[in-house]
Each structure stands twice: as C-alpha cells, then as structure tokens.
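Report on the structure given below.
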Amino acid sequence: MTGITSIVLVYLIIIWLSTLLLFRIDKKRAQQKNAQRISERKLLQLALIGGWPAALLARRLFRHKTTKQPFSTLLYIIAGVETVLLLAVAAYVLNQ
1 MTGITSIVLV YLIIIWLSTL LLFRIDKKRA QQKNAQRISE RKLLQLALIG GWPAALLARR
61 LFRHKTTKQP FSTLLYIIAG VETVLLLAVA AYVLNQ
C-alpha cells in the first residue's frame, strides 16, 4: 500500500466512525427532552467530506432521519454526486 493510499484509508475510517458516532449521539439526544441536538447541517457536512456511506448506514442502524426532508434528499444527492465522481476518477486512472 502506498503512502497516499494509507492516508486516504485512515482519513475515511476516521470520517466514517465520526459520522456513525454523531448520528448515534443525535438519535439519543432526540429521545431526551431539551437535549442539544447535532445540526442537520453538521451531519450533511460530514457526508459531504466522505462520510456519506456511514451516514446511509447510520440511518438504517439507528432508524434516524430516515424520512426527514430535505435532509434525505440532500444526503442522496451527495452520495450520488460523489459516487459519479469516484467512478470517473477510477475510469480515468484505469485508462492511464
């Protein structure tokens, strides 16, 4: 494994674990009265910087924000755009 690959892998693991953890925390706080919640903006920002797979998983695992709009739509847009970009980069690299 190259140095850059290791860095990317560590980065993704940190982002994915952080995203899962924050979804879990927000779900717990949603069940408490007057608890300070984690903003949807913060959760979407984590998705945008690479945490979208963990966000989609967390929604299922914790049954959290599964019908919330426009959150759900924005999360799927982020996942779709990043998937297309990832596939484009992979195709470019493979054709080199």
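The sequence shown lines up with residues 1 to 96 when you count with UniProt numbering. Cβ coordinates follow ideal geometry from the N, Cα and C atoms, glycine included.
Worksheet item: With respect to the alpha helix (DSSP H) encompassing Thr83, which residues constitute its N-terminal and C-terminal limits?
Response: As a working note, residue 83 is residue 83 in the sequence shown. Taken as a continuous stretch (DSSP letters only), the alpha helix (DSSP H) holding Thr83 covers Phe71 to Leu94.
Worksheet item: CB-CB under 7 Å to Arg63, same chain, minus the five flanking residues each way: which ones, in chain order?
Response: Taking the first residue of the sequence shown as position 1, residue 63 is located at position 63. Contacts found: none.
Worksheet item: Taking Cβ positions, are Ala58 and Ile78 nearer each other than 8 Å?
Response: Taking the first residue of the sequence shown as 1, we reach residue 58 at position 58. Taking the first residue of the sequence shown as 1, we reach residue 78 at position 78. In this structure, Ile78 does not lie closer than 8 Å to Ala58 by Cβ.
Practice prompt. Leaving aside the five residues before and after Leu20 along the sequence, list all residues of the same chain whose C-beta is less than 6 Å from its C-beta, in chain order.
Written response: For this step, residue 20 is matched to residue 20 along the sequence shown. Result list for Leu20: Ala54 and Ala58, in chain order.
Item to complete: State the Cα-Cα distance for the pair Leu74 and Leu44, rounded to the nearest angstrom.
Response: Stepping through the sequence shown from its first residue, residue 74 is reached at position 74. Stepping through the sequence shown from its first residue, residue 44 is reached at position 44. Approximately 8 Å between the Cα atoms of the pair.
Worksheet item: Among Trp52, Val8 and Leu12, which residue has its Cα nearest to the Cα of Gly80?
Response: The residue given as residue 80 occupies position 80 in the sequence shown. Comparing Cα positions, the closest option is Trp52.
Item to complete: Could you check if Ile7 is buried or exposed, using at least 16 other CB atoms within 10 Å of its CB as the buried criterion?
Response: The count along the sequence shown starts at 1 and reaches residue 7 at position 7. Ile7 comes out exposed.
Worksheet item: Going by other Cβ atoms of all chains shown within 10 Å of its Cβ, with 16 needed for buried, is Lys68 buried or exposed?
Response: Translated into the one-based positions of the sequence shown, residue 68 becomes position 68. It counts as exposed.
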